[in-house]
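Colleague: Pasting a structure below so you can have a look.
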Amino acid sequence: MTRDEIQDKIISVLIELFELDDLDIQPGSHLYEDLDIDSIDAVDLVVELKKMTGKKIKPEEFKSVRTVGDVVDAVEELMAGR
């Protein structure tokens, strides 16, 4: 997947899981402050990302994720096997 495809998929997941407006979701949007995603929601997001990538996501790898762009970076790295 390209970075744009990853970003589009993540935006789709955010819209579907959390009933967000796609206009509110930008690469710089903060998950917790801007999109009102809490820690329980973050677990749901990780589960969906695992389905998307087919790879296990370690919680410590996801702790530094703050923005939608960070999620895209993390998934891109995961899919590249880094």
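Whatever position you read off the sequence shown (first residue = 1), add 82 for this note's numbering. Glycine is no exception: its CB is placed at the ideal position from the N, C-alpha and C atoms.
For the candidate residues Val125, Glu87, Glu101, whose alpha-carbon lies nearest to that of Pro75?
Modeller: Lying outside 83 to 164, the shown extent of the chain, residue 75 is not represented and no answer is given.
Colleague: Is the distance from the Cβ of Val150 to the Cβ of Ile88 below 7 Å?
Modeller: Result no, Cβ atoms of Val150 and Ile88 do not sit closer than 7 Å.
Colleague: So, under 8 Å CB-CB, Phe144 and Val128 are touching, yes? Tell me the CB distance rounded to an integer number of Å.
Modeller: So it is a contact: roughly 6 Å between Cβ atoms.
Colleague: What are the residues that DSSP puts in a beta bridge with Thr149?
Modeller: Answer is His112.
Colleague: Can you tell me the Cβ-Cβ gap for Ile119 and Leu113, rounded? I've got them flagged as a contact below 8 Å.
Modeller: So it is a contact: roughly 4 Å between Cβ atoms.
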